[in-house]
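Q: The numbering of the sequence shown is the numbering used here, which starts it at 849 and goes up by one. Glycine included, each C-beta is placed from N, C-alpha and C at the ideal position.
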Amino acid sequence: MNESDVDGRKLSATFERALDGVGADLGPLVAGAAERGRSIRRRRRTTAAGAAAVAAVLVVGGALTLRPGGGNAAVTVQAPTASASASPMPSRAFPQLLQKSDTGPERLDPGTGAQQGSVALTGHAAVLTLARALPPGGHTSGFSGYSGVVGWTEAPTRNVAARATLLYDDGTGPVEVGVEVDGGIGALYRPGSYPPGPGQDPYVIGYDDEYDCTKTVAPNIRSCSATVLPDGGHLKLTESVLDRVTTRTVNLLRPDNTRVIVTATNSVPVADSRKPQPLREGLPLSLDQLQTAAMAAGFHEWITPEEAERAEEAVRPFHDDTPGKNMPSGTGTGANAGAATAGPTPGGKG
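1. On a CA-only basis, which of Gly1031, Pro958, Ala1112, Asp1018 is nearest Val1098? Give me that one, please.
2. Which residues in the same chain have their Cβ closer than 6 Å to the Cβ of Ile1109, if we skip the five residues on either side of it in sequence?
3. Output yes or no for whether 8 Å exceeds the beta carbon distance between Tyr1037 and Arg1011.
4. Going by DSSP, name the residue or residues bridged to Leu1100.
5. Cβ atoms of Leu1133 and Arg1096: under 8 Å apart, would you say?
6. Cutting at 7 Å between CB atoms, please list the residues of its own chain near Asp1017, excluding the five before and the five after it.
7. Label Pro1067 either buried or exposed according to how many other C-beta atoms from any shown protein chain fall within 10 Å of its C-beta, with 16 as the threshold for buried.
8. Beta carbon of Ile1033, beta carbon of Asn1114: below 8 Å?
9. To which residues does DSSP link Gly1026 through a beta bridge?
10. Relative to the ligand SAH, is the shortest distance from any of its heavy atoms to the C-beta of Ser1071 smaller than 7 Å?
11. Quick one: Cα of Phe1147 to Cα of Gly996, how far?
12. Take Ile1151 and list the residues in its own chain whose beta-carbon comes closer than 7 Å to its own, dropping the five residues that flank it on each side.
13. I need the boundaries of the alpha helix (DSSP H) containing Ala981, first residue and last residue.
14. Can you name the residues that DSSP bridges to Asp1168?
15. Measuring straight from C-alpha to C-alpha, what distance separates Arg1122 and Leu956?
16. Name the DSSP beta bridge partners of Thr1095, please?
17. Please return the same chain residues whose Cβ sits closer than 6 Å to the Cβ of Ala981, not counting the five positions on each side in sequence.
18. Run the CB neighbour count on Val1076, radius 10 Å, all protein chains shown included, and call it buried at 16 or more, exposed below.
19. Here's the rule I'm using: 16 or more other beta-carbon atoms within 10 Å means buried, otherwise exposed. How should Ala962 be labelled?
20. Does the distance from the CB of Glu1022 to the CB of Val1116 come in under 8 Å?
21. Nearest-angstrom Cα distance between Ala979 and Glu1024?
22. Going along the chain, which residues of its own chain have a beta-carbon closer than 6 Å to the beta-carbon of Asp1079, five neighbours each way excluded?
23. May I ask you to report which of helix, strand or coil DSSP gives Arg892?
24. Using DSSP with H/G/I as helix, E/B as strand and the rest coil, what is Thr1075?
25. Just to confirm my understanding: we take Gly971, look at its own chain, exclude 5 residues before and 5 after, and list those with CB closer than 8 Å. What are they?
26. Is Ala1162 near Leu1014, with beta carbons less than 8 Å apart?
27. Rounded to whole angstroms, what's the CA-CA distance from Glu1058 to Ser1088? Just pull it up for me.
28. Here's the rule: buried if 16 or more other CB atoms are within 10 angstroms of the residue's CB, otherwise exposed. What is Asp1120?
29. Measure from the alpha carbon of Asp1060 to the alpha carbon of each residue in Lys1084, Arg1070, Ile1069, then state which is nearest.
30. Can you list, in chain order, the residues of its chain whose CB lies under 6 Å from that of Ser989, leaving out five sequence neighbours each side?
31. Starting from the C-beta of Cys1072, find all residues in its chain whose C-beta is less than 6 Å away, skip the five residues before and the five after it, and write them out in chain order.
32. Strictly by DSSP, which residues pair up with Gln1125?
33. Check each candidate in Ala1074, Glu1160, Asp1030, Arg1070 and name the one with the smallest Cα separation from Thr1094.
34. Give the straight-line distance between the Cα atoms of Gly1081 and Val998, rounded to the nearest whole angstrom.
35. What do you reckon, are the CB atoms on Gly1026 and Asn1007 nearer than 8 Å?
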């Protein structure tokens, strides 16, 4: 006797006792119902197993491969895994983030002389290098930036200044990460090159002092460390806290006179607000992780047109943040808005 017959007889006997023997023989009907119930349970188990198999195919070894905007520039990030030390998801809803429009192709500045055949590092290329240099496991979005050719010294020079920002979210809330790349600016880092004058902001430091923590006097600086690297470069790491806003900055001056500054802050642009807002406590990115990003190999003054094209294909949507373009005058979109100028500027706060 099979399982369905046994179950059917038990149910039939129960019904017959309840009906006191009145009515038709319920055995075949109840047995069929029992068999259909078991069939449904088997299908559910099969469906659950199939879903698990599909998930295993989609997440192989915890890695997800993203190919934003098509092209050959795939960005692979590590899928977050649950652990006892993982940060809990916030209980409150975030305000809506500021949505920047996609402003289309970025202008290319062709190189001349020794840079003939190259183009200036673009905002697309800078933000792509930054995104790839950040720790895996986070989601990146909100790409923006710009670049231009500038002259830092009195003698005619053609150096590249590039700016780029993105949002990085480790699953507990977004932070803004920005990069500034200033080619050739190291020529200004010499004693007395830009001493603060009377009436200047007392927290602005001269270029000759920028990599000296004893002269980093901003009151919101929580920590500062400065190092001369084995290759002769200079590195300064700072963390500042003001109210609920935490900012970490890595300032690298390379031997080729290129300065790369990577900054992360938990204050991000939100809709319906003139100022960025802190959406989470603290930062998911350490100074060591930001230092790794600042030392990424892709922050060159000049790149090939093919590199510029691949970056533009990979980074979409992208907003051109060139000062005075695509935004109202006097407004900013983040920690680095308006930072690039066509001339020397004193060192920043910290």
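A: Taking the geometry as given:
1. Ala1112
2. Glu1028, Asn1099
3. no
4. Leu1083, Val1108
5. yes
6. Gly986, His987
7. exposed
8. no
9. Thr1013, Thr1111
10. Among the ligands in the structure shown, none appear at all, so the ligand SAH cannot be discussed.
11. 14 Å
12. Ser966, Val967, Leu969, Ala973
13. 971-981
14. Gly993
15. 31 Å
16. Ser1088, Thr1113
17. Ala1141, Ala1144
18. exposed
19. exposed
20. The identity of residue 1022 in the sequence shown is Pro, whereas the question assumes Glu. Their beta carbons are under 8 Å apart, which means Pro1022 touches Val1116 by this criterion.
21. 12 Å
22. Pro1103
23. Per-residue confidence for Arg892 stands at a pLDDT of 43, beneath the threshold of 50, marking its modelled position as unreliable; the derived number appears in the next sentence. DSSP places Arg892 in helix when its eight states are reduced to three.
24. strand
25. Glu954, Ser992, Gly993, Tyr994, Ser995, Ala1010, Arg1011, Ala1012, Phe1166, Asp1168, Asp1169
26. no
27. 16 Å
28. exposed
29. Lys1084
30. Leu1015
31. Cys1061, Thr1064, Thr1086
32. Val1116
33. Arg1070
34. 22 Å
35. no
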